[in-house]
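Participant: Please read through the structure below; I'll follow up with questions.
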Amino acid sequence: MDNPVGRRRVLAGAGAAFLLSALEGCGPGILKTGRADASAPRLQPSLQLPPLHASPDRITRITVCTRPFRAEGPRLDLEQIGTKTIVHNYGHGGSGWSLSWGSSSIAVQKAMATGARDIAVIGCGALGLTSGLLLQRAGAQVTIYAKDLPPNVRSSLATGVWSPDSRICLEEHATPSFNALWERMARHSFQTYQTLLGLPGDPVEFIDYYGVSDDAGADDKTAASPPADERPAFADLKRKLIGDLIPNSEEFAPGSHPFGARYLKRYTMMMFNLSAYARLLISDFLANGGKIEIAEFRTPADFAALRQATLINATGYGARALFGDESVIPVRGQLARMIPQPDIHYGLDYKDVSFVPRRDGLVFQVVGEDDYYGYNDATTAPDRAEAEHAVNTIAGLYNS
Ligand SMILES: Cc1cc2nc3c(=O)[nH]c(=O)nc-3n(C[C@H](O)[C@H](O)[C@H](O)COP(=O)(O)OP(=O)(O)OC[C@H]3O[C@@H](n4cnc5c(N)ncnc54)[C@H](O)[C@@H]3O)c2cc1C
Numbered sequence: 111m112d113n114p115v116g117r118r119r120v121l122a123g124a125g126a127a128f129l130l131s132a133l134e135g136c137g138p139g140i141l142k143t144g145r146a147d148a149s150a151p152r153l154q155p156s157l158q159l160p161p162l163h164a165s166p167d168r169i170t171r172i173t174v175c176t177r178p179f180r181a182e183g184p185r186l187d188l189e190q191i192g193t194k195t196i197v198h199n200y201g202h203g204g205s206g207w208s209l210s211w212g213s214s215s216i217a218v219q220k221a222m223a224t225g226a227r228d229i230a231v232i233g234c235g236a237l238g239l240t241s242g243l244l245l246q247r248a249g250a251q252v253t254i255y256a257k258d259l260p261p262n263v264r265s266s267l268a269t270g271v272w273s274p275d276s277r278i279c280l281e282e283h284a285t286p287s288f289n290a291l292w293e294r295m296a297r298h299s300f301q302t303y304q305t306l307l308g309l310p311g312d313p314v315e316f317i318d319y320y321g322v323s324d325d326a327g328a329d330d331k332t333a334a335s336p337p338a339d340e341r342p343a344f345a346d347l348k349r350k351l352i353g354d355l356i357p358n359s360e361e362f363a364p365g366s367h368p369f370g371a372r373y374l375k376r377y378t379m380m381m382f383n384l385s386a387y388a389r390l391l392i393s394d395f396l397a398n399g400g401k402i403e404i405a406e407f408r409t410p411a412d413f414a415a416l417r418q419a420t421l422i423n424a425t426g427y428g429a430r431a432l433f434g435d436e437s438v439i440p441v442r443g444q445l446a447r448m449i450p451q452p453d454i455h456y457g458l459d460y461k462d463v464s465f466v467p468r469r470d471g472l473v474f475q476v477v478g479e480d481d482y483y484g485y486n487d488a489t490t491a492p493d494r495a496e497a498e499h500a501v502n503t504i505a506g507l508y509n510s
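With our numbering applied, the sequence shown covers 111 to 510.
Encoded structure:
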């Protein structure tokens, strides 16, 4: 999402009222309690979904990655280091893919304003690739220097959904000027993603995503999830600032869908098939005459060896070590990848586990109760038990 989700409790009363009115129209086979009446003929549920073959033996890979979270939001300022002008473009938390086009367009404007036309980009993840492409479109000659390339960058280990306010900053830093910047980045990115729909390999597509709950007091899957304790809340910006870009959700009463006596809410979500998408970005960058060089910088002083005077720094979590920027906090996230199933075009969220139907491998993830899940945890060892728990939780929906 990152966490496609985030969740916020809504009033149980509203869900309960909806349930009653929905059940009244259900006819035989469904009791008002939401339980099936065994004596009545079984009704065909109104929502039908092809079943998912979810089981731990189908897991192909478990990956762990650290989101580059900064309490004050991404860093986009200019820094002069020796003879080099550095435009920073890092620290996008769980929203790096989602905000990439908008954030990189701001970094590119700043880099072009230096007057340079031969520009270096450090990093080849979501932010480096979009910076490189947008620099080319602005008329610059670009070389990307990076230690690792996709699929061996952190960006390649993301969930792959449009989640522009996922762990993007703390609420206390969501000032009017930050909100205006974020809205600009989110709207720009959203519009750019519309130009990438319908391409071979489906780098970008829209999916249905179902929030499944055992009680009527369902969570809102499109809002940030505030911590239950005293820790400061993460900013919750989507509904407030770009609500017009978010399609309405729809509710399904127990018995009107394949998951028994549970409550369902359907959302529409943009999804990125990251293997195809990253390849598209790289091949477009190379086709436009861009160059990619493998290079590792141990300190900013190493930039002196580059011929370019203007650099965009898109090193993501790597900026913490490279620039000694301890404001970059790791937020651990683990994905269990499973053999793709081409007929599955819907995602699910149940009991703090998310499932996303990526074409390049089904993605299961424990997202936790709130956005502090994985906070300040830089460990990257895969946890097989967590992966199996994620898969079994979603599999359990099909056995009831
Ligand atoms: C589990 C998980 C799920 C996520 N899901 C989503 C999602 O669904 N949607 C979303 O929008 N975001 C999501 N994110 C967040 C997203 O992955 C990040 O915000 C994004 O990847 C950051 O991209 P980046 O380009 O800044 O960094 P990276 O992808 O880390 O790229 C950094 C680049 O810089 C290079 N580099 C770093 N240091 C050096 C150095 N010293 N010298 C040379 N090169 C260097 C690296 O090799 C790499 O090429 C998720 C994150 C996690 C962990």
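C-beta: ideal position from N, C-alpha, C; glycine also.
Since residue 236 and residue 206 should fall inside the 8 angstroms C-beta cutoff, what is the C-beta to C-beta distance between them, to a whole number of angstroms?
Facilitator: In the sequence shown, counting from the first residue as 1, residue 236 sits at position 126. In the sequence shown, counting from the first residue as 1, residue 206 sits at position 96. Right, the Cβ-Cβ distance comes to about 5 angstroms (below 8 angstroms), so this counts as a contact.
Participant: Name the two residues that bound the continuous beta strand (DSSP E) containing residue 271.
Facilitator: Along the sequence shown, read from residue 1 onward, the residue named residue 271 stands at position 161. Here residue 271 belongs to no beta strand (DSSP E), and DSSP marks it neither H nor E.
Participant: How should residue 221 be labelled, buried or exposed, when 16 other C-beta atoms within 10 angstroms of its C-beta is the threshold for buried?
Facilitator: Sequence index remark: in the sequence shown, residue 221 carries index 111 (1-based). Buried is the call here.
Participant: Buried or exposed: where does residue 503 fall if 16 or more other Cβ atoms within 10 Å of its Cβ makes it buried?
Facilitator: Along the sequence shown, read from residue 1 onward, the residue named residue 503 stands at position 393. Buried: at least 16 other Cβ atoms inside 10 Å.
Participant: Less than 7 angstroms between C-beta atoms, sequence neighbours within five positions excluded: which residues of the same chain meet that for residue 322?
Facilitator: For this step, residue 322 is matched to residue 212 along the sequence shown. Closer than 7 angstroms at the Cβ level, and outside the excluded window around residue 322, lie 369, 372, 374, 458, 459, 460 and 507.
Participant: Quick check on DSSP: helix, strand or coil for residue 260?
Facilitator: Translated into positions along the sequence shown, residue 260 becomes position 150. In this structure, residue 260 counts as coil in the three-state DSSP scheme.
Participant: Under 7 angstroms Cβ to Cβ from residue 131, same chain only, skipping five residues before and after it: list those, please.
Facilitator: Your numbering for residue 131 matches position 21 in the sequence shown. For residue 131, the predicted model reports a pLDDT of 37, less than 50, meaning its position is unreliable; a value from the coordinates is still stated below. Here the set comprises nothing.
Participant: DSSP on residue 416, reduced to helix/strand/coil?
Facilitator: On the sequence shown, residue 416 is found 306 positions in, with the first residue counted as 1. It is coil, neither helix nor strand.
Participant: Is the closest heavy atom of ligand 1 to the C-beta of residue 302 under 7 angstroms?
Facilitator: As a position in the sequence shown, residue 302 is number 192, starting the count at 1. False, no ligand heavy atom lies under 7 angstroms from that Cβ.
Participant: Is the region 409-428 touching the region 190-197, taking contact as three or more C-beta pairs under 8 angstroms?
Facilitator: Using a Cβ-Cβ distance cut-off of 8 angstroms, the region 409-428 and the region 190-197 are in contact, since at least three pairs of beta carbons, one from each stretch, lie closer than that value.
Participant: Under a Cβ-count criterion, where at least 16 other Cβ atoms within 10 Å of its own Cβ denotes burial, should residue 201 be classed as buried or exposed?
Facilitator: As a first step, residue 201 must be located in the sequence shown, where it is residue number 91. Buried, because 16 or more other Cβ atoms sit within 10 Å of the Cβ of residue 201.
Participant: Could you give the C-beta distance for residue 292 and residue 208, rounded to a whole number, given that I count them as a contact under 8 angstroms?
Facilitator: One-based indexing of the sequence shown puts residue 292 at position 182. One-based indexing of the sequence shown puts residue 208 at position 98. Separation of the CB atoms of residue 292 and residue 208 is rounded to 11 angstroms, and the pair is thereby denied contact status at 8 angstroms.
Participant: Label residue 313 either buried or exposed according to how many other C-beta atoms from any shown protein chain fall within 10 Å of its C-beta, with 16 as the threshold for buried.
Facilitator: If you number the sequence shown from 1, residue 313 lands on position 203. Buried, by the Cβ-count rule.
Participant: What residues are listed by DSSP as bridge partners for residue 395?
Facilitator: In the sequence shown, residue 395 corresponds to position 285, counting from 1. Per DSSP, none; premise fails for residue 395.
Participant: Just the C-alpha distance for residue 466 and residue 472, rounded to the nearest angstrom, thanks.
Facilitator: The sequence position of residue 466 within the sequence shown is 356, counting from 1. The sequence position of residue 472 within the sequence shown is 362, counting from 1. Cα-Cα distance, rounded: 6 angstroms.
Participant: Would the C-beta of residue 258 count as close to ligand 1, meaning under 7 angstroms from any of its heavy atoms?
Facilitator: Within the sequence shown, numbered from 1, the residue matching residue 258 stands at position 148. Yes, Cβ of residue 258 sits closer than 7 angstroms to a heavy atom of ligand 1.
Participant: Is DSSP giving residue 505 helix, strand or coil here?
Facilitator: Position 395 of the sequence shown, counted from the start, is the residue given in the question as residue 505. Three-state DSSP puts residue 505 in a helix.
Participant: Which whole runs of the beta strand (DSSP E) in the region 453-481 are 3 residues long or more, in chain order?
Facilitator: 456-460, 463-466 and 472-476
Participant: May I have the straight-line CA-CA distance separating residue 499 from residue 252, to the nearest angstrom?
Facilitator: Residue 499 sits at position 389 when you count from the first residue of the sequence shown. Residue 252 sits at position 142 when you count from the first residue of the sequence shown. Computed Cα separation, rounded: 44 angstroms.
Participant: Determine contact between the region 413-432 and the region 338-355, defined as no fewer than three beta-carbon pairs at a distance below 8 angstroms.
Facilitator: no
Participant: When DSSP labels each residue in this structure, what does residue 306 get in the three-state scheme?
Facilitator: The residue labelled residue 306 in the question sits at position 196 within the sequence shown. DSSP places residue 306 in coil when its eight states are reduced to three.
Participant: By DSSP, does residue 421 sit in helix, in strand, or in coil?
Facilitator: Along the sequence shown, read from residue 1 onward, the residue named residue 421 stands at position 311. Residue 421 falls in the strand class under three-state DSSP.
Participant: Where does residue 509 land, buried or exposed, given buried means 16+ other C-beta within 10 angstroms?
Facilitator: For the purposes of this step, residue 509 is taken as the residue at position 399 of the sequence shown. Residue 509 is exposed by the Cβ-count criterion.
Participant: In this structure, how does DSSP classify residue 510 when only helix, strand and coil are distinguished?
Facilitator: On the sequence shown, residue 510 is found 400 positions in, with the first residue counted as 1. In this structure, residue 510 counts as coil in the three-state DSSP scheme.
Participant: Checking the sheet assignment: what are the DSSP bridge partners for residue 177?
Facilitator: As a working note, residue 177 is residue 67 in the sequence shown. Answer by DSSP bridge pairing, in chain order: 441.
Participant: Check each candidate in 385, 470 and 448 and name the one with the smallest Cα separation from residue 165.
Facilitator: Reading the sequence shown from its first residue, position 55 is the one you call residue 165. Here the closest residue by C-alpha is 448.
Participant: For a test of the three-state rule: what should DSSP assign to residue 168, helix, strand or coil?
Facilitator: Here residue 168 corresponds to residue number 58 of the sequence shown, with the count starting at 1. In this structure, residue 168 counts as helix in the three-state DSSP scheme.
Participant: Assuming residue 430 contacts residue 484 (C-beta within less than 8 angstroms), just tell me the rounded distance between them.
Facilitator: Here residue 430 is taken as the residue at index 320 of the sequence shown, counted from 1. Here residue 484 is taken as the residue at index 374 of the sequence shown, counted from 1. That pair is no contact at about 16 angstroms.
Participant: Using 10 angstroms around the beta-carbon of residue 440, count the other beta-carbons present and answer buried if the total reaches 16, otherwise exposed.
Facilitator: Here residue 440 corresponds to residue number 330 of the sequence shown, with the count starting at 1. With 16 or more Cβ atoms within 10 Å of its Cβ, residue 440 is classed as buried.
Participant: Under 8 angstroms Cβ to Cβ from residue 394, same chain only, skipping five residues before and after it: list those, please.
Facilitator: In the sequence shown, the residue the question calls residue 394 occupies position 284. Correct list, in chain order: 243.
Participant: Work out the CA separation of residue 423 and residue 298 for me, nearest whole Å.
Facilitator: As a working note, residue 298 is residue 188 in the sequence shown. As a working note, residue 423 is residue 313 in the sequence shown. Roughly 20 angstroms between the two C-alpha positions.
Participant: Just to confirm my understanding: we take residue 248, look at its own chain, exclude 5 residues before and 5 after, and list those with CB closer than 7 angstroms. What are they?
Facilitator: Here residue 248 refers to the residue found at position 138 of the sequence shown. Cβ neighbours of residue 248 beyond the five flanking positions: 218 and 222.
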